[in-house]
Each structure stands twice: as structure tokens, then as C-alpha cells.
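K.L.:
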Amino acid sequence: MYKTVDICAGIGGIRKGFELTGKAVNVLSAENDRYACKTYEHLYGENPMNDVTTNEFKELLDSVEYDIFLAGFPCQAFSAAGKKEGFKDKLRGTIFFHLAEMIESTRPKSFLLENVEGLITHMKGETFNIILDTLINKLDYHIVGIEEQQDIYGNANGFIFNKQDIVLNAKHFGLPQNRPRVYIVGFDKKRYADKLNTIDFNKLPQERKRPPIFKNLTEVLELGADTKFYLSQGYLETLKKHKSSQSAKGNGFGYMIVNEPKFKHPISNAILATGGSGKERNLIHDPQDKIIGLMVKGKKTPINNEGIRLMKPNEWGKLQGFVGYAFLNGKNDTFSFPEGVSNTQKYKQFGNSVAIPVIEEIANEIVKVLDNLEGR
Numbered sequence: 150m151y152k153t154v155d156i157c158a159g160i161g162g163i164r165k166g167f168e169l170t171g172k173a174v175n176v177l178s179a180e181n182d183r184y185a186c187k188t189y190e191h192l193y194g195e196n197p198m199n200d201v202t203t204n205e206f207k208e209l210l211d212s213v214e215y216d217i218f219l220a221g222f223p224c225q226a227f228s229a230a231g232k233k234e235g236f237k238d239k240l241r242g243t244i245f246f247h248l249a250e251m252i253e254s255t256r257p258k259s260f261l262l263e264n265v266e267g268l269i270t271h272m273k274g275e276t277f278n279i280i281l282d283t284l285i286n287k288l289d290y291h292i293v294g295i296e297e298q299q300d301i302y303g304n305a306n307g308f309i310f311n312k313q314d315i316v317l318n319a320k321h322f323g324l325p326q327n328r329p330r331v332y333i334v335g336f337d338k339k340r341y342a343d344k345l346n347t348i349d350f351n352k353l354p355q356e357r358k359r360p361p362i363f364k365n366l367t368e369v370l371e372l373g374a375d376t377k378f379y380l381s382q383g384y385l386e387t388l389k390k391h392k393s394s395q396s397a398k399g400n401g402f403g404y405m406i407v408n409e410p411k412f413k414h415p416i417s418n419a420i421l422a423t424g425g426s427g428k429e430r431n432l433i434h435d436p437q438d439k440i441i442g443l444m445v446k447g448k449k450t451p452i453n454n455e456g457i458r459l460m461k462p463n464e465w466g467k468l469q470g471f472v473g474y475a476f477l478n479g480k481n482d483t484f485s486f487p488e489g490v491s492n493t494q495k496y497k498q499f500g501n502s503v504a505i506p507v508i509e510e511i512a513n514e515i516v517k518v519l520d521n522l523e524g525r
């Protein structure tokens with residue numbers, strides 16, 4: 150079994166993807182959102198409340214024997230430190246700074262770092278370039294799908310990669326969600342030296358080879374939702390006006406009904422933790438005659454007469470592979486939230502998490518490579 154550490158863990162989606170390989174066990178976790186920690190403890194039986202920016206946690210990590218470092222981290226700008234400054238001066242103040250420190254100190258056999266697709270173009274590509282330079286040249290790791298570019302004198306001059314080799318989309322992994330994310334997979338060059346040249350792992354898996362978990366959005370939806378998920382007539386009109394005004398300005402932003410009949414194979418847009426935007430871009434047409442025009446507590450106008458509602462948290466859970474897949478025990482789905490978690494928190498925790506089946510496919514490849522490198 151390979152031992153993993155789960156950093157910036159959220160509710161443990163990355164960890165779970167590795168556990169599904171049957172060849173990984175988690176030995177240490179870190180998360181500082183107290184609500185996410187409650188869910189994590191409920192699911193895995195351990196409280197991950199740790200602050201990765203503290204020396205106390207770094208010392209704890211130093212004392213733990215493990216093989217694979219896992220982290221989903223936020224996209225943050227780095228300082229404009231001069232060329233004479235060390236890489237740590239450029240990274241200081243960011244979560245990645247602390248991740249790099251931990252990788253440097255503990256030298257895991259492999260790591261998986263997950264981020265939004267925009268990381269590649271953030272600050273005109275400079276952020277991603279600094280991350281790659283840190284991992285490849287400063288920490289001496291081989292990164293899957295990345296080649297170093299050299300000038301005519303043989304000096305390092307940036308990096309070459311095909312975006313599709315490192316950006317994977319949940320919609321190709323059995324989930325009806327358009328969710329592209331960057332996955333950075335590294336192996337320790339110091340430890341494995343020439344052995345890495347014998348491994349055929351130049352790009353990340355592009356799809357799930359097994360049958361899809363949900364063929365399309367229709368299989369995810371639980372029709373006949375509670376009235377609280379339906380938009381009021383007034384709010385729906387506001388969304389329509391906003392979309393119309395944005396369209397007139399040439400902007401594409403606006404609400405979207407993702408299961409309209411015109412979509413032959415409906416999928417959702419990426420679900421996001423940032424409140425309304427993720428919800429309004431994933432509205433559902435789910436009419437119920439009995440509730441049209443009802444006045445509901447908390448809404449200033451009656452329920453809309455078009456049957457438009459938000460997706461339910463449970464539906465978001467399916468779109469990430471938590472519900473209906475990763476926690477299945479036979480036919481029994483063991484995923485649940487602890488008592489008292491609000492819908493607001495459920496949306497946030499799912500939106501902040503990862504598409505578990507994508508992680509599972511990457512994890513299978515990492516484990517396979519490590520087996521070869523370790524001669525298992």
C-alpha cells in the first residue's frame with residue numbers, strides 16, 4: 150500500500166480517488182475550513198483541522214513516513230521578485246510556497262497537485278511558469294507532460310506542453326459536468342534517476358475507459374424537488390433582464406437552463422463554490438403544476454410559472470462522483486453529510502471539491518508507475 154498525505158483536503162475528494170485504487174491509504178490530512186473539517190471527519194473518521202502554513206504542521210509532516218503528496222491549491226499571484234531573489238522569495242505569501250516547502254523537506258516519491266484551468270494563463274502564464282520551474286529545477290521532480298525548452302546555448306528557456314496532456318475534463322470521465330482542471334503529477338528524479346526514462350507516462354489519462362457513471366444530466370437529476378429550490382417569478386425576471394442587458398453589451402454571462410429539450414446530451418456547467426454563479430449557470434427545468442404561483446417563505450414573489458429551479462446539493466454531489474459512485478458499498482450509498490450541515494455549505498463543499506473519477510484514473514496511473522519504479 151502507498152501512503153498518502155491529503156493537503157488542502159476540503160472534504161477528501163482527492164484522497165478518495167486514491168483510495169478507490171485499492172492501493173493507497175491516507176496517513177495525514179490538513180484543512181482549515183471548520184465546516185469542511187466536520188464533513189471530512191464524518192466521512193473518514195479523522196479531523197483534518199491543521200494549518201499548512203505553520204511550522205507546527207510542517208514538523209508533524211516531517212515526522213510522518215509517506216509516499217504520495219496530494220493537494221488542491223488556490224490560484225494566487227506570485228511577487229515580482231528580482232532574478233537574484235531565490236524561488237522562495239517569489240513564492241512567499243502563497244499556499245504554493247508552503248506546498249513547495251513541504252515537498253522539498255519530505256521528498257515524496259510522487260505528488261498530485263490540482264488547480265483551475267486558468268492557472269495556465271494566470272498572469273500571462275508567469276504563475277504557471279514559476280510553479281513548473283520550482284518543481285522541476287529547484288525541487289528536481291519530473292512532471293508528466295512537461296518538457297523543458299532550451300535556447301541555442303543549451304540554457305533553460307521555459308517549458309513546452311500540450312494543454313490536453315495536463316488539463317482533464319470531468320465530462321470525459323463518466324460525469325456530465327464540463328469541468329476542466331489542471332493536474333500536475335510529479336515523480337522524484339533524485340530517487341529514481343535513470344529509471345524514469347524507462348517509464349511510458351508522457352501524458353495524463355484522457356478519459357475513463359469504463360462505462361460512464363452517469364450517461365448524461367438526465368440520470369443525475371432528481372425530479373420533483375422541494376419548493377425551496379424553485380426560483381421566484383421576480384428573481385427569474387431579474388435574471389432574464391440581466392442576461393438580456395449583458396447580451397446587448399456583447400457579454401456571454403447569464404443564467405442557463407442546462408436540461409432544455411434542445412440539448413440532446415445535456416451536461417452541466419462547472420459547479421462552483423462561489424455562491425450564485427455556479428447555481429445560476431446550472432438551472433433545471435422541472436415543472437410541477439401543483440406549485441406554480443405558490444407563495445413560499447423567504448421569497449418575495451410566487452414560484453415561477455416555468456418550473457425553473459436550482460440543482461439540489463445531492464445532484465451536485467453526483468456531478469463530482471461523491472453521490473452514487475465513490476462511497477458505494479455494494480448497492481448501498483454510504484455518502485452523507487453530518488447532521489445540521491446547511492444547503493449553502495453543501496453547495497460550497499461540493500463546488501470546492503474535485504471530480505473523484507478523474508482523480509481515480511490519475512491515481513491508477515501513478516500507482517502503476519510507482520510499482521514499476523519500485524520493482525513491485
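FYI, my numbering numbers position 170 of the sequence shown as 319, with every residue one higher than the one before it. All residues carry an ideal CB built from backbone N, CA and C; glycine is no exception.
#1: Enumerate, from N- to C-terminal direction, the unbroken beta strand (DSSP E) stretches of 3 or more residues contained entirely within the stretch 283-354.
#2: Quick check on the DSSP output: what are the complete alpha helix (DSSP H) runs of length 4 or more inside the stretch 435-494, in order along the chain?
#3: Which of the three DSSP states is assigned to G231 in this structure?
#4: Do you know how far the Cα of K207 is from the Cα of D337?
#5: Could you tell me how far apart the beta carbons of I269 and F277 are, in whole angstroms, since I believe they sit closer than 8 Å?
#6: Are the CB atoms of I515 and I217 within a distance shorter than 8 Å?
#7: Which residues in the same chain have their Cβ closer than 7 Å to the Cβ of G231, if we skip the five residues on either side of it in sequence?
#8: Considering only the beta carbon of each residue, do E510 and F322 sit closer than 8 Å?
#9: Who are the Cβ neighbours of V316 in its own chain at under 8 Å, not counting the five residues just before and after it?
#10: Which one of G524, L385, N521 and F499 has the shortest CA to CA distance from I163?
#11: Grab the span of the alpha helix (DSSP H) containing L192 for me, first residue to last.
#12: Short check: CB of V213 to CB of I156, under 8 Å?
#13: Taking contact to mean 3 or more Cβ pairs, one atom from each stretch, closer than 8 Å, check whether the stretch 293-300 and the stretch 363-373 are in contact.
#14: Assign T153 to one of three DSSP states: helix, strand, or coil.
#15: Assign S502 to one of two classes, buried (16 or more other C-beta atoms within 10 Å of its C-beta) or exposed (fewer than that).
#16: What do you reckon, are the CB atoms on A512 and T283 nearer than 8 Å?
#17: For the putative contact between I508 and G166, defined by C-beta atoms under 8 Å, what is the C-beta separation to the nearest angstrom?
#18: Which stretch, first to last residue, makes up the alpha helix (DSSP H) that contains G166?
#19: Within the continuous beta strand (DSSP E) that includes G221, where are the two ends?
#20: Pull up the DSSP beta-bridge partners for Y379, would you.
#21: Just to confirm the assignment, what range does the alpha helix (DSSP H) spanning A249 have?
#22: Which stretch, first to last residue, makes up the beta strand (DSSP E) that contains F260?
#23: Within this structure, are the beta carbons of E253 and L288 separated by less than 8 Å?
P.N.:
Reading off the structure:
#1: 290-292, 296-299, 305-309, 316-318 and 329-337
#2: 462-468, all fully within the stretch 435-494.
#3: Note that G231 scores a pLDDT of 47, beneath 50, so its modelled location is shaky; the value from the coordinates is reported in the next line. Correct three-state label for G231: coil.
#4: 20 Å
#5: The Cβ separation is near 5 Å, so the contact holds.
#6: yes
#7: Note that G231 scores a pLDDT of 47, beneath 50, so its modelled location is shaky; the value from the coordinates is reported in the next line. Excluding sequence neighbours, G231 sits near nothing in its chain.
#8: Contact: yes.
#9: E266, I269, P329, R330, V331 and Y332
#10: Of G524, L385, N521 and F499, the residue nearest in Cα terms is F499.
#11: Here the alpha helix (DSSP H) through L192 covers R183 to Y193.
#12: Not in contact: V213 and I156 (Cβ atoms no closer than 8 Å).
#13: no
#14: Under the three-state reduction of DSSP output, T153 falls in the strand class.
#15: It counts as buried.
#16: no
#17: 3 Å
#18: Following the DSSP letters along the chain, one finds G166 inside the alpha helix (DSSP H) bounded by residues G162 to E168.
#19: I217 to G221
#20: R458
#21: I244 to T255 is the span of the alpha helix (DSSP H), which, as asked, contains A249.
#22: S259 to V265
#23: yes
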